[in-house]
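Trainee: Residues 31 to 148 in the numbering used here are what the sequence shown spells out, letter by letter. The C-beta atom is built at its ideal place from N, Cα and C for all residues, glycine as well. Since we're looking at a predicted model, the values are computed, not measured.
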Amino acid sequence: MMNDDNFLSIDRLVEFGLGVSVAQQMVNSMNHMIQNTIMPGLQTPFLSNGPTSFHVILDGKPAGPFSESELSRLITEGKVRKESHVWYPGMAQWDLVERVPAVLRLVALAPPPFHPEG
Numbered sequence: 031m032m033n034d035d036n037f038l039s040i041d042r043l044v045e046f047g048l049g050v051s052v053a054q055q056m057v058n059s060m061n062h063m064i065q066n067t068i069m070p071g072l073q074t075p076f077l078s079n080g081p082t083s084f085h086v087i088l089d090g091k092p093a094g095p096f097s098e099s100e101l102s103r104l105i106t107e108g109k110v111r112k113e114s115h116v117w118y119p120g121m122a123q124w125d126l127v128e129r130v131p132a133v134l135r136l137v138a139l140a141p142p143p144f145h146p147e148g
């Protein structure tokens with residue numbers, strides 16, 4: 031014979047189980063969102079799948095190939111600027127650095143020129 035107290039206990043257990051299940055789904059959903067969130071500035075720019083060698087116009091003549099680190103050095107030294115021409119395998123023709131995102135990002139990452147006060 032079943033009384034009302036037994037029914038209420040079962041009802042409460044079912045509610046508790048549903049609550050735990052919903053909470054687990056919410057936690058899993060939030061963990062998935064956090065793991066797939068892209069944080070600006072945390073990606074290492076040199077781990078891209080972009081071009082691996084570049085040619086630039088230096089002193090009016092084609093030069094290269096240069097690796098990303100070599101090209102970064104040329105940018106830091108001021109030898110390659112946004113107005114410089116660049117080409118890498120896969121490009122149809124030479125173009126300005128400011129119109130080539132793979133190279134423009136290197137310009138953006140370069141430190142500004144240092145001018146000692148004195």
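Considering only DSSP beta bridges, list what Lys91 is partnered with.
Mentor: Leu88, per the DSSP bridge assignment.
Trainee: Can you list the beta strand (DSSP E) stretches of 3 or more residues lying completely in the region 45-69, in chain order?
Mentor: Fully enclosed beta strand (DSSP E) runs of 3 or longer: not present.
Trainee: Our contact map puts Lys109 next to Val137 with C-beta atoms below 8 Å; I'd like the distance itself, whole angstroms only.
Mentor: Not really, about 12 Å apart at Cβ, beyond 8 Å.
Trainee: Please classify Ile40: is it buried, with 16 or more other beta-carbons within 10 angstroms of its beta-carbon, or exposed?
Mentor: Ile40 should be labelled exposed.
Trainee: Could you tell me whether the Cβ atoms of Leu104 and Leu88 are closer together than 9 Å?
Mentor: Yes, Cβ-Cβ distance for Leu104 and Leu88 is below 9 Å.
Trainee: Could you spell out where the alpha helix (DSSP H) holding Val133 opens and where it closes?
Mentor: Element bounds for Val133: Pro131 to Leu139.
Trainee: Beta carbon of Pro146, beta carbon of Thr106: below 9 Å?
Mentor: Against a cut-off of 9 Å, the Cβ pair of Thr106 and Pro146 comes out as no contact.
Trainee: What residue does the beta strand (DSSP E) around His145 start on, and which one ends it?
Mentor: First-last for His145: undefined, no H or E at that position.
Trainee: What does Leu126 pair with, by DSSP beta-bridge criteria?
Mentor: Paired residues: His115.
Trainee: Do you know how far the Cα of Gly120 is from the Cα of Ser97?
Mentor: Approximately 15 Å between the Cα atoms of the pair.
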